[in-house]
Every structure is written in structure tokens, then in C-alpha cells.
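Heads up: the sequence shown begins at 1 in full-length UniProt numbering, then just goes up one per residue.
We put the CB at the ideal spot given by N, CA and C, even for glycine.
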Amino acid sequence: MGSIGPPRDSEDPSGFELRTPQKKQKLLSKPPPPPPQRDEQKSKETNSDSESEDEDGMTAEQKERYLKQVRESEGFEVEYFPGISYCCKIRPLIYLDEQPILNQEVKSCSEWAIRRFNSDNNTNYQFVEVLKANSVFCAGDEFYLTFTAKDDVVDADGEQSPVIFQAKVYAPIGGEKEYYFCRPKLKS
């Protein structure tokens, strides 16, 4: 039966040299390497909590405002904070017109959401346009969509009044869309 510990001779049969007490003493006598240098901008300290930034580049004041907006609007009304990391944070998609692929994805998700709403509620709304979109990216985009749709019902003036909708849809990379909900926009 073999031994559980390393061989007793000075060299392991695997070809790795074992550390002898002399080598251990030699290693311990070397001074430790210097600590890594910190980036000057990141190491700059500030005295005010509202001025110091977290790992995403948000000040405490910005983070508080962001979290309040997410809480109060369920992610649909979140402002853009320039210069921060939006990894795993809801962000407004402010340049949709300049991003045709993303713009088409947002429109497609909005149209799909209103079709699901119609199916679930026995209605006949037709998608009109995207008003705005927010997104959080995590292995795909989770969209917070605000768009208008018209029903085939006409109002007293003979017009079809558009209704503002909110929908939450997840579009995973390479997968099927997931529908969370679609609803007429909540009153503020």
C-alpha cells in the first residue's frame, strides 16, 4: 500500500523538487515583493462621502438617486449617469436611432409584448412606436420598454387614441425571449 505523504527523499518522482528546510529558510530570508502600485486617479481620496465613488464610478448621492428611481418606477424611469459602469444596472438606451440592430430588437420586443398582452386580455392593440427603452445586460438584454399602441376602439371624436404601455421582456443571447409583463403605463 502506498504512502499518502510525499516521498522522504529530496526529489519527488513526479520531477518536482521538494522544499527542504534549507530552501524554506532561503525563501523566508528574501524580502517580500513591494505592494502593487495603485492607479493615481483611483487612489485619490476625498473627505466627503457624497464625492467618493463606488466600484462602478457612482457617488453615494448618484447611487441613492438611481436606486430611488428604480424603486419608484420599477426600472422604467431611470436617468442616464455619464461616466459610470452600467454592468448589471438599468440604463436608458439613449442612442437607439444610431444603433439599427438594437433599435430593431427593442421594436421587435415591444411588438411581441403587445401581442402577448392582446392574447392574455382578449384585446386588439396595434403597436405604434417606441417612446423609450431601458435595459440591463446580463447574458442578454432585459428590456424595460415604454411604447404606444392603438386599439381598434374609436373615441368620441372618431379618433383612435394611442395608449402608453410598459413591458418587461428578456432577450437572452441566442435564446427565446421571455415575457415578464405588458400593461398600460402606471399613473405617476
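Beta-ladder partner(s) of residue i, from DSSP
i: T148; result: E129, I164
i: R91; result: S135
i: R183; result: Q166
i: A171; result: D141
Where residue i sits in the DSSP three-state scheme
i: E79; result: coil
i: V70; result: helix
i: N122; result: coil
i: V154; result: coil
i: D49; result: Any reading at D49 needs caution, since the residue's pLDDT is 46, under 50, leaving its predicted position unreliable; the model's value is listed next. In the structure shown, D49 sits in coil (DSSP, three-state: anything other than H, G, I, E or B).
i: A56; result: The residue you asked about is not Ala; residue 56 is Asp in the sequence shown. It is coil, neither helix nor strand.
i: E142; result: strand
i: E178; result: strand
i: I84; result: coil
i: E105; result: helix
Cβ-Cβ separation, residue j to residue i (assumed contact under 8 Å), whole Å
i: V78; j: N134; result: 5 Å
- Message: I'd like to know if the segment 149-161 and the segment 121-132 are in contact, where contact means that at least 3 CB-CB pairs between them fall below 8 Å.
- Response: With a cut-off of 8 Å, the segment 121-132 and the segment 149-161 count as touching, because enough Cβ pairs lie within range.
- Using 8 Å as the threshold, is the segment 133-148 in touch with the segment 89-96, meaning 3 or more CB pairs across them? Pairwise C-beta distances place the segment 133-148 in contact with the segment 89-96, as three or more of them are shorter than 8 Å.
- Message: Would the segment 170-188 count as touching the segment 114-125 if we require 3 or more Cβ pairs under 8 Å?
- Response: With a cut-off of 8 Å, the segment 114-125 and the segment 170-188 count as touching, because enough Cβ pairs lie within range.
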